[in-house]
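This report refers to the structure that appears directly beneath it.
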Amino acid sequence: MAAAKIKDADAVDQIEVGKMRKLTVQNFRAIGATPVTIDLDTIVVLVGPNNAGKSSILRAYEVAMSEGSSAGKLTLDEFPNGNIDPKNLPIIEIETEVVGDPPAKKWVTEIDGRKVVRERWVWETPGPGKRQGWNTELPDGGGWDDKNVPWGAANVANSRRPQPHAVKAFDSPEDQAKQINSIVLALIEERALSIETSDGSGESEFRQLSQRLREFQERVVSHARVDIEEFENKLTEMVAGIFAEHVVTFEPVPAATEKIKLFSSNRLLVGRKDGYRSPLELQGSGARRTLLWSVLRIVSENGEKAQARPHLLLIDEPELCLHPNAVREACRVLYDLAENAGWQVMVTTHHPAFIDLGRDNKTIVRVERNAAGTISGTTLFKPATANLSVSDRENLQLLNIYDPYVGEMFFGGNIIVVEGDTEYSALRHVASELIKLGDASPIPCELLKNMHVVKARGKFTIVSLCKILNHFGTRYSVLHDADTPTITIVKDGESKEQKNSAWTANTDIMTEVNAAPDPTRIRLIASVPNFESAYLDYEAKKDKPYTAVKRIAADKDAWAKVEMLLHCLLNHDEPLPTGAQPTHHMLALHEANAMDFML
Numbered sequence: 264m265a266a267a268k269i270k271d272a273d274a275v276d277q278i279e280v281g282k283m284r285k286l287t288v289q290n291f292r293a294i295g296a297t298p299v300t301i302d303l304d305t306i307v308v309l310v311g312p313n314n315a316g317k318s319s320i321l322r323a324y325e326v327a328m329s330e331g332s333s334a335g336k337l338t339l340d341e342f343p344n345g346n347i348d349p350k351n352l353p354i355i356e357i358e359t360e361v362v363g364d365p366p367a368k369k370w371v372t373e374i375d376g377r378k379v380v381r382e383r384w385v386w387e388t389p390g391p392g393k394r395q396g397w398n399t400e401l402p403d404g405g406g407w408d409d410k411n412v413p414w415g416a417a418n419v420a421n422s423r424r425p426q427p428h429a430v431k432a433f434d435s436p437e438d439q440a441k442q443i444n445s446i447v448l449a450l451i452e453e454r455a456l457s458i459e460t461s462d463g464s465g466e467s468e469f470r471q472l473s474q475r476l477r478e479f480q481e482r483v484v485s486h487a488r489v490d491i492e493e494f495e496n497k498l499t500e501m502v503a504g505i506f507a508e509h510v511v512t513f514e515p516v517p518a519a520t521e522k523i524k525l526f527s528s529n530r531l532l533v534g535r536k537d538g539y540r541s542p543l544e545l546q547g548s549g550a551r552r553t554l555l556w557s558v559l560r561i562v563s564e565n566g567e568k569a570q571a572r573p574h575l576l577l578i579d580e581p582e583l584c585l586h587p588n589a590v591r592e593a594c595r596v597l598y599d600l601a602e603n604a605g606w607q608v609m610v611t612t613h614h615p616a617f618i619d620l621g622r623d624n625k626t627i628v629r630v631e632r633n634a635a636g637t638i639s640g641t642t643l644f645k646p647a648t649a650n651l652s653v654s655d656r657e658n659l660q661l662l663n664i665y666d667p668y669v670g671e672m673f674f675g676g677n678i679i680v681v682e683g684d685t686e687y688s689a690l691r692h693v694a695s696e697l698i699k700l701g702d703a704s705p706i707p708c709e710l711l712k713n714m715h716v717v718k719a720r721g722k723f724t725i726v727s728l729c730k731i732l733n734h735f736g737t738r739y740s741v742l743h744d745a746d747t748p749t750i751t752i753v754k755d756g757e758s759k760e761q762k763n764s765a766w767t768a769n770t771d772i773m774t775e776v777n778a779a780p781d782p783t784r785i786r787l788i789a790s791v792p793n794f795e796s797a798y799l800d801y802e803a804k805k806d807k808p809y810t811a812v813k814r815i816a817a818d819k820d821a822w823a824k825v826e827m828l829l830h831c832l833l834n835h836d837e838p839l840p841t842g843a844q845p846t847h848h849m850l851a852l853h854e855a856n857a858m859d860f861m862l
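For the sequence shown, this note's numbering begins at 264 and goes up steadily by one.
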C-alpha cells in the first residue's frame, strides 16, 4: 500500500494578492428581495437617511466573514419580516481577489480583467448559513456548487479573505476593547512578517519558520508511516464485509503554516504612570473612542502595505461622541488608512465631513428606502469614472478645505449650487423664515426642509460640481451671476477694456449642464448682471452677504423677488422673477446682457 502523503492544493496560475471587490445582500434584516450590491473601493462611504439599511450592509459582511462562529449565525429576527420564506431566504454574496494561495482553477472567475472567487451564504433556518462557491466547470458556464467550496474549511477560507474589523455605533465596552486589541495585534503580526533572518540573506524569518514547520510535518508523517499503514489495513478489513472491493486510506491535512498564531491574545491596560492600570474595557467611552482613533492613526501613518492578508475596517457612524475638530481628524485618519496602509474601509455616516472630494480613493454610495419599503444602494460617485480634470480636482480640494460641509449634496434632497456667499446667505435666510410659517408658507415646507444650498465659491468650481452631480444623474439647480463680456481696468492712468474670464466661465457651465444624462432635470439660472443688481436693486462692494440679508429683511420688493427665485430653484415648473435668465445656451445670455445694458 502506498505511503500516506500530505495532500497538496490543486495547481492554479499565480494570482496577485487581492481585496474584496463586491458585496451583494438580499433578504437580510432591513434589506428585502431586491438585491443591494456594493462595489468596493479602497474606501466606501455609505450615506442615506436613518433606518435605510446602511448598518445592515456592514453587518452582512461581518456575518459572511464569521462562518464557524456565533457571529456567523442568524436569528429569526434577521429573516425578512421575522419569518422563514423558502422563496425569500437570506443570501449574502461576496467577490474577492485571492489572498495568499489561490484555490483550484474551477473556483476562479475572470471579471473585468481580474481573477476573483465568488462565494455566497444561504440561510434556510436560523443559525449558521450554507456556504457555496461559484464553480466555473459546472454546466451552462458555471453555477453554485452544493457539494464543495473554495478553500475547504471555514477557518482556512476566512484566512484567504480580507480580515474584518467591525466597529459598531453602540458596541459594549468589552466589544470595543476586543476590536481595538485585534487591530493592535494585527499590526504586530504584520511587523512579524518583515523581520529578516540574522544571516543577512534578507529572507523573512517568519517564512523560514513556516518552511521548517512544513518540513517537520512531512517528517511526522514519514516516521508514522508503519502505524498509518496498520491503521489503514485494519479499517479496510472492518468495512470489507459490508463494502466489497473498498479500501480506506488516510491523508493528513496539515495546519496552514502561513497562519501560525504568534499570540493567543493581547490587551491594553490604561492608568496613571505610577499607579494601577486597568483593562481598556473598564475605561470610559471617551477614553475607548480616543484609543481607537489613536490606534488607527498609527496604522495609517505606518505607511506599509499589508505583507499578507489585507484588512477591512467596517465602522458605523464614526462621528459619534467626537468634537468637530476630532471629526475632521477622524476623516483624515480613515482616508490615510486606505491610501497609506492599504486597508479597505467601509463607513456609514450622517456627517458630510467624511466625504472628502479632494481624495481619489473613495466611492460614495447612497442607501435609500422607497415608499414601498424597497432598499437600494446607488453608487453616486467614483473618481475613476467621473472624468474629472486636474483643474477639477484642484478646485474640489480647495472647496473641501473652505467648506467641509459641501458633501451634504450626496445625502439627497433638493440641491441648489450657487456661486458664492451672498446667494447662499440670501436663500438660506428666506428659507428659514418661511419654514417658521408652517402650512402658511407660499413654498411647501417639505421642499424647504429638504434643501441643500452648495457654495461653489467661484464659477469654475461650479463646473467641477456639475460634473459630480451629472455623474450620479441627480436633479439640481444652478444659480450664478451673468457678469459682462468685458471689464474696464485702469492701467498707468488709462482705462481700457479686456475680456472678462467670468463671462467665459458661463460657456463652461452651460456645456457641463447640457452634458448631463437628462439636461431637462437641471435648472440653470443666471442673475443679470449679478445677484445684487438683479433682485436687490443695489451694488455692494464689501460685507455683501450681511448687506444682502439686511436688504431682504427691510425691503418687501427684494424679499418677494428672492422668494420667487428660491421657489423656481426648488420647483422647476415655477416662473422666474425679473432679473433671472434661464441659460442653456450663450445666445440667451448675450440677449439678456444687452437688454440689461440698454436699461
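Think of the CB as a built atom: it goes at the ideal place given N, C-alpha and C, for glycine as much as any other residue.
- For residue 309, the enclosing beta strand (DSSP E) stretches over residues 306 to 310.
- Between the alpha carbons of residue 757 and residue 306 lies a distance of about 56 Å.
- Contact between residue 832 and residue 786 holds: CB atoms are separated by about 6 Å, below the 8 Å threshold.
- Between the alpha carbons of residue 477 and residue 471 lies a gap of roughly 10 Å.
- One alpha carbon belongs to residue 682, the other to residue 580, and they sit about 31 Å apart.
- Between the region 358 to 372 and the region 279 to 299 there are three or more C-beta pairs closer than 8 Å, enough to call the two in contact.
- In this model, residue 710 and residue 326 are separated by some 39 Å (Cα to Cα).
- Judged by DSSP in its simplified three-state form, residue 598 adopts helix.
- DSSP places residue 808 in the helix class (H, G or I) of the three-state scheme.
- Approximately 16 Å separates the beta-carbon atoms of residue 443 and residue 608; this is outside 8 Å, ruling out the contact.
- Every beta strand (DSSP E) of 3 residues or more that sits fully in the region 755 to 802 is shown, in chain order, as 757 to 762, 785 to 790.
- By the criterion of a C-beta distance shorter than 6 Å, residue 732 is surrounded in its chain by 739, once the five residues flanking it on both sides are discounted.
- For residue 730, the three-state secondary structure derived from DSSP is helix.
- Distance from the CA atom of residue 585 to the CA atom of residue 315, rounded to whole angstroms, is 23 Å.
- If you ignore the 5 residues before and after residue 512, its C-beta comes within less than 6 Å of the C-beta of 495, all in its own chain and listed in chain order.
- Spanning the alpha carbons of residue 596 and residue 839 requires a straight line of approximately 45 Å.
- Residue 479 counts as exposed, since fewer than 16 other beta carbons sit within 10 angstroms of its beta carbon.
- Of the other Cβ atoms in all chains shown, fewer than 16 fall within 10 Å of the Cβ of residue 373; this residue is therefore exposed.
- Ranked by Cα distance from residue 659, the first of 697, 729, 533 is 729.
- Scanning 292, 288, 396 for the CA closest to the CA of residue 367 turns up 396.
- Within the DSSP secondary-structure output, residue 398 pairs in a beta bridge with 406.
- Counting every other CB atom within 10 Å of its CB across the protein chains shown gives residue 577 a total of 16 or more, marking it as buried.
- Residue 539 counts as exposed, since fewer than 16 other C-beta atoms from the protein chains shown sit within 10 angstroms of its C-beta.
- With contacts defined by Cβ atoms closer than 9 Å, residue 778 and residue 736 do not form a contacting pair.
- Residue 393 is bridged by DSSP to 385.
- In the three-state reduction of the DSSP assignment, residue 813 falls in the helix class, which pools H, G and I.
- Per DSSP, reduced to three states, the secondary structure at residue 749 is strand.
- Taking 3 residues as the shortest admissible run, the region 610 to 665 contains the following complete beta strand (DSSP E) segments, listed from N- to C-terminal end: 625 to 632, 638 to 644.
- If you draw a straight line from the Cα of residue 724 to the Cα of residue 464, it comes to about 54 Å.
- Using a Cβ-Cβ distance cut-off of 8 Å, the region 702 to 719 and the region 757 to 766 are not in contact, since fewer than three pairs of beta carbons, one from each stretch, lie closer than that value.
- When DSSP states are grouped into helix, strand and coil, residue 444 belongs to the helix group.
- Here DSSP, grouped into helix, strand and coil, assigns residue 429 to strand.
- A residue is called buried when at least 16 other Cβ atoms come within 10 angstroms of its Cβ; residue 474 does not meet this threshold and is exposed.
- Residue pairing from DSSP leaves residue 509 without any beta-bridge partner.
- Excluding residues up to 5 positions away in sequence, 763, 766, 792, 856 lie with their Cβ nearer than 7 Å to the Cβ of residue 747 in the same chain.
- For residue 692, the enclosing alpha helix (DSSP H) covers residues 684 to 699.
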